[in-house]
Each structure stands twice: as structure tokens, then as C-alpha cells.
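Here the sequence shown is numbered in my numbering, starting from 714 and rising by one per residue. The C-beta atom is built at its ideal place from N, Cα and C for all residues, glycine as well. To start, the structure itself, in C-alpha cells.
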Amino acid sequence: MSQHSKVNQRFLTAMSQAGERGDRTRPFDLALTMRLARRMASHRALFVKSMILATLLAVLNVTIPFVLTETIRQPIGNPEEFDTRFHLSPMAGIWIGVALMVLLAVFWYGVMRWRQMIVANLAEHVVYDLRRGIYLHLQTLGLDFYDRTKVGRILSRTTSDIEALRRAVAMVAPRIVLSAVQMVYALVIMFYYDLWLGLLVLLIAPIFYIATWKLRDGLSSSHRAVQESYSLITANLAESIAGIRITQAFVRENENRKLFNELCGLHRDRHMRTARYQGLYRPLIEIAAQITVALALVIGAWRAESSEMTVEDLIGFMVMTAIFFAPLNVIADMYNLTLQAMAGAERVFRLLDTDPVGLEPDEANAIPLPDADTGMAVQFDQVAFSYIEGRPVLQDVSFEVQPGQTIALVGHTGSGKTSIINLVSKFYLHDAGTITLDGINVENIRPQDIHSQMGIVSQENFLFSGTVRDNIRFSKPDATESEVVEVCEQLGCLSMFEHLQQGLDTEVGERGESLSMGQRQLVCFARALLARPRLLILDEATSSVDTVTEAIVQDALETLIADRTSFVVAHRLSTIRRADLLLVIDHGHIVERGTHEELVALNGTYSTLHEEFVRLGHGSDDEEDNGLVM
714 MSQHSKVNQR FLTAMSQAGE RGDRTRPFDL ALTMRLARRM ASHRALFVKS
764 MILATLLAVL NVTIPFVLTE TIRQPIGNPE EFDTRFHLSP MAGIWIGVAL
814 MVLLAVFWYG VMRWRQMIVA NLAEHVVYDL RRGIYLHLQT LGLDFYDRTK
864 VGRILSRTTS DIEALRRAVA MVAPRIVLSA VQMVYALVIM FYYDLWLGLL
914 VLLIAPIFYI ATWKLRDGLS SSHRAVQESY SLITANLAES IAGIRITQAF
964 VRENENRKLF NELCGLHRDR HMRTARYQGL YRPLIEIAAQ ITVALALVIG
1014 AWRAESSEMT VEDLIGFMVM TAIFFAPLNV IADMYNLTLQ AMAGAERVFR
1064 LLDTDPVGLE PDEANAIPLP DADTGMAVQF DQVAFSYIEG RPVLQDVSFE
1114 VQPGQTIALV GHTGSGKTSI INLVSKFYLH DAGTITLDGI NVENIRPQDI
1164 HSQMGIVSQE NFLFSGTVRD NIRFSKPDAT ESEVVEVCEQ LGCLSMFEHL
1214 QQGLDTEVGE RGESLSMGQR QLVCFARALL ARPRLLILDE ATSSVDTVTE
1264 AIVQDALETL IADRTSFVVA HRLSTIRRAD LLLVIDHGHI VERGTHEELV
1314 ALNGTYSTLH EEFVRLGHGS DDEEDNGLVM
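Following this line, the structure appears as C-alpha cells:
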């Protein structure tokens, strides 16, 4: 078994299951090419200019040596005929030829410079559109996509894959046009010099193209494999950095280093495989060109000796042969870039083609969610749900919540508590049954309508880069300073924030690392309260709060849930006791429901869990704020 077999099997199998690999042997995809061409053509002025300039440059590439050969053929090779035909001395003809070549060279310089600017501008516009399109599309994808897709893979779409497409737009497309026009123009002039030699070149070229077919397949496969292994490295690196605390806490550094070394070795080996194919492909193209030139020279010399063509025509033909084959080396190089672009385009467009989960209702069936001052009424009726088909996580779940009530969801890890939250929030659609919000079937409500009237605080307490004020305003970007201060005062945390180094202007750092756990929690509470939500989701919101700010957090929590329909998952015992309704979830079923007192008296599942939490607290039911919950 090879050094990387374990890594290959584990990661490439996962990529195949996630639909990342595609057809690794397909060297060229016309559909992808046309999609990229349409992206380029959407910037019509730049696209047309780039094509015109590429064509003009190709014409100049052939015309300049053509003027040279004609100068040799006419005033130098046949001075008397030149004098008779044009009534000019041979020297005057030579100077005219030189002047014309200089003028064409200056014109070529101007065209080349303008073309490079236009092509660079076009490439940046296309890349901007793609990156923006990917970002906007990612906002529309459901949570199931993010559940099954690693962050590193998503990042690689907007980095290495997009860069491959940038090179395709900036280099491949215009150079392919340039090379094609140059070869056709040169071939026309070759036929002008000698029909039979022109036919020889035209017939031999396809033979060499067919002979390199297998190499192109190998190059295609190897380029796609390189892109895949780069995605694996990016995903592993992103995961390792995100989990660095866990890595160091469990002394996992050596194991992670070994895995990363294997991935880097896999990427290196795939690059070397690509290099071996390139080492065969480019020289083979060069040899094919040289063999064709040699054959043309031998046959041309024989025809010149037989007086079927002049020596001057043979010289002109050989010059044009060099011009004809020169683009082949460029095309060989562009072919490698094309394969990289095909691999990148395949992955980028696959991401853009990922259908958002059907969360949006049909326009005809959409019903606006009313904006009221009270909490939101919620009803589940025999609801079933599964993340993976055939593996249900909720079954026959039914309950009703009146506006302003607090519902506590209790149960062991994996029982289905968070799944209920996800369905209430319409992050996912249920499989069976009915869910209504304010009496409206959730299937007919736009997710944005729900989210605009919803506040959420999760265990992660995620903060974005920026200041404390920026993060509070995240739920309402147009909030005034007085509104921000007001919610902080309501929650009783304004004084705490003002005592930070720069008050509300304190930078929170990446993911809020410069704040304590309790401070982050309060920022999240303030963010949720600023949205003035009718529906509040607390998903294990205070399970990691530090004891220093616990009293402030508990008071803030009471303010936050007041007069709002609140769903509380695994909260502190004090909030559980005050809940209007407790739902005890076990293996996707509601096994008990009622108030805290009713369920304790029932001596069932909740009573057992409650006794355990009291024991894990300080052994007393009265010490409710210290008791942990489910």
C-alpha cells in the first residue's frame, strides 16, 4: 500500500460522496467553456475589444514577416522584375520594406499594450462577478449545505479555483483567438506560396493532434487531481486553525502534523505527475513541428529543383511555416492553463448550480407574516423531520405555543431539541406534518419574514470582527446610538461595556476573543434584543457563562425573554423552572410535557434528569442558579 493510500481513501471518498470530483478524465467541457464565455461576453465592450485586438495582433504577427519575405523575394531576389513592375530601384524597394516593417512594429507595440490593459480589465470584471456571485449564492444555501461541506473547500472556490479562471480569461481565451487567427492567416499565405506544400502541412497537423490524445487525457486527470488535493489542504488547514485550542489541549500536534504532511505529500506527488505529463506533451508538440518543417523543406527543395516552385517562394513558405507552428508552443502552454481552468470552472459552477433548499414558497402561495407587538404563536402538528433520508430525528411531534410563552426543550444530547429550533426558524423544512406561525403554514412564509422577527442566541456566542457596537448593531445596521445604549441599559450591561478599554468602540477581535465569555454572551443578548424579536431562540445560550458575570447575565436573560415567544434549549435551571411549558424530548419524540412542578411530581424522565442536575449543582433544589440543565 502506498504512503498516501489511507489519506486518498479517506478524503477522496468523502469528496466523491460530496459530489466534488466530477469527471476527472474529461479534458475539455464545451458547456463550461460556453458558460465562461457568456460571463466574458456580459461585459460586451471589453470582450469585443479584446477579441478585435487579439485578431489584429495575430494579423500583425503574420504581416511583419510576410513583408520581410516579400522584400527578399522582390527587390533582392528579382531586382529587374521589381524595377519593371514597380518602376522603383531595388534599393528603394528595400528601404520601403524596412520602413513598412518599422511602422508595423510600432503599431504592434501599441496594439499589444492596449490589448493587455483591456484583457486585464476584462479578467478583473469576470472574477469580480464570479466572487460576488459565489458569495451571494452562499447566502441563499440552506444549513444542510454547510453541514456537509468543509469551510476549506468553500474558501478554495473563491481563491485557487477563481484564480484559475482569471488566468483563463486573461491568458487562455485571447491567446487562443490570437493563435488560431495567426495559424489560419499563415496557412493562407503558405497556400499562396505553394499549394501542395500547404496541403502537406494541413494533412499532417491532425495526425499529431490525434497522437497526443492520450497525453491530454492524462493531463486533464492530473490537473483535476491537483485541484482536489489543494482543496484538501485548504480544508485541513482551516479546520486545524479553528480547532487549535482543542489540538493543544489534547496534545494532538504530532498527529495533526502527520496528517498535514501526508496531504502535502499527496499534493506534491500529484504535481509531479502533472509535470511528467507536461514534460512529454510540450516536447512532443515541438518535435511534431520540427518534423513537419523538415518534410516541407525536403519536398520544397525537390519541387524547387524541378522548377515547380522558385527558391524565393520556398524561403517565403519556410518563414510562414515557422509562423504557423509558433502558436503550437503557446497552445501547449495554454492547454495546461485550460485544464486548470476547466477543473476550477467545474467546481465553481457546481457550487453556483447547487440548488438552495426549497425554503422559499412560490410567489403565488407566499403569505406575509404579520408584524405585531406580541409574541408569535407556534404550532407543531404531527411533525416529522430527518437530515438524512431514512434516518428520522423527529417523529410525530405536536405542541402549541401561545404568544409570549416560554418553552423549554429538555433532553439528552442528540434527542432532537436543536432540530425543533431549526424547524421553528425555517432553517430546514419538515418532512411531514404541519408547522404554523401565527396560524400561517410555515411552508407559505418566506424565511426572511421569519428571521426579521426573530432573535437568536447560541452557545457559540459568535461575534464578527469589529467593535462591540458593530456587533450589537449586526441585527439592525441602521440602529441609532441611542437605541444601542437603550438595549444595553435594559439588559443592565451598559456599565460593563463602558468599562472596557474603549467602551462600545472596543475591538472584539476574531470571533470575540478579546472579550470574556460573559461579555460575549451579553453582546449577543444585546444584539438579539435590538432586533425587537417576536420569536426568541436560546440554543444552549448560557451553558458556558463565567461565574463573574452570571448575575448580570441572568437578569439580562429575564429582560430578553419578557413578552416574547421564547424557545429555550438546555438553559439554566432557573429559566427552566419559570418556563410556561417544558417539552421533554427523547429520540425524536416528546415523552413528557408540562410545567416544572408537574413534571417533577410525575416522577418520570424529567424528574430523573432534574435530580441529576440538582446533584451536579450543589445538592439543593433551592440553589437553582447553580444547577446545570439538560
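Cβ neighbours of residue i in the same chain (closer than 8 Å, five flanking residues each side left out)
i     : result
V894  : A767, T768, A771, V772
T1087 : P1116, G1117, R1247, D1276
S953  : T960, N969, F973
A1014 : L1027
DSSP beta-bridge partners of residue i
i     : result
A1097 : A1145
D1252 : S1171, V1282
Q1092 : E1113, T1149
E1220 : T1180
N1154 : T1149
Terminal residues of the beta strand (DSSP E) in which residue i lies
i     : result
P1105 : 1104 to 1114
L1296 : 1294 to 1299
Beta-carbon proximity list for residue i, same chain, < 6 Å, skipping 5 on both sides
i     : result
I1163 : K1139
A899  : V775, M1033, I1036, F1037
V1061 : R870, D874
L856  : F1140
P788  : F795, P803, G806, I807
Residue range of the unbroken alpha helix (DSSP H) whose run includes residue i
i     : result
H1309 : 1309 to 1315
I1120 : Here I1120 belongs to no alpha helix (DSSP H); instead the beta strand (DSSP E) covers 1119 to 1123.
D1075 : Counting along the chain, D1075 falls outside any alpha helix (DSSP H), and DSSP gives it neither H nor E.
F779  : 757 to 784
D1086 : Looking at the DSSP string, D1086 is not in any alpha helix (DSSP H), and its letter there is neither H nor E.
D1162 : 1160 to 1164
E1226 : Where E1226 is concerned, there is no enclosing alpha helix (DSSP H), given that its DSSP letter is neither H nor E.
G810  : 803 to 853
A754  : 743 to 754
M896  : 886 to 906
A877  : 875 to 880
Coil, strand or helix - residue i by DSSP
i     : result
F1175 : coil
R1306 : strand
Q1214 : coil
T862  : coil
N969  : helix
M1022 : coil
P1246 : coil
T1034 : helix
K1130 : helix
A1192 : coil
H790  : For clarity, residue 790 is Gly in the given sequence; the question names His instead. Coil at G790, not helix or strand.
C977  : helix
G735  : Confidence at G735 is low in this model, with a pLDDT of 48, below 50, so its placement is unreliable and the value that follows should be read with caution. Residue state, collapsed to three classes: coil.
G1205 : coil
M728  : Any answer about M728 is weak, because its pLDDT of 45 lies below 50 and its placement is not dependable; what the coordinates show is given next. DSSP places M728 in helix when its eight states are reduced to three.
R1240 : helix
S1320 : helix
R1060 : helix
Cβ-based burial, residue i [other Cβ within 10 Å; buried from 16]
i     : result
D736  : Bear in mind that a pLDDT of 48 at D736, under 50, signals an unreliable position, so the model cannot answer this.
D1066 : exposed
L916  : exposed
V815  : exposed
I1133 : buried
E1059 : buried
N1316 : exposed
G1301 : buried
G992  : exposed
H980  : buried
A1054 : buried
I1004 : exposed
M747  : exposed
H1212 : exposed
F1175 : exposed
G1332 : In this predicted model, G1332 has a pLDDT of only 41, less than 50, meaning its place in the structure is not dependable enough to derive any value.
Spatial neighbours of residue i in its chain, beta-carbon cut-off 7 Å, leaving aside the 5 residues before and after
i     : result
D1151 : L1082, P1083, M1089, A1090
T782  : I1028, G1029, V1032
A883  : V832, A833, A836
Y990  : L928, G931, L932, S935
G790  : E1025
Proximity test, residue i beta-carbon vs the ligand SAM heavy atom, cut-off 7 Å
i     : result
L1213 : The ligand SAM is absent from the structure shown, which contains no ligand whatsoever.
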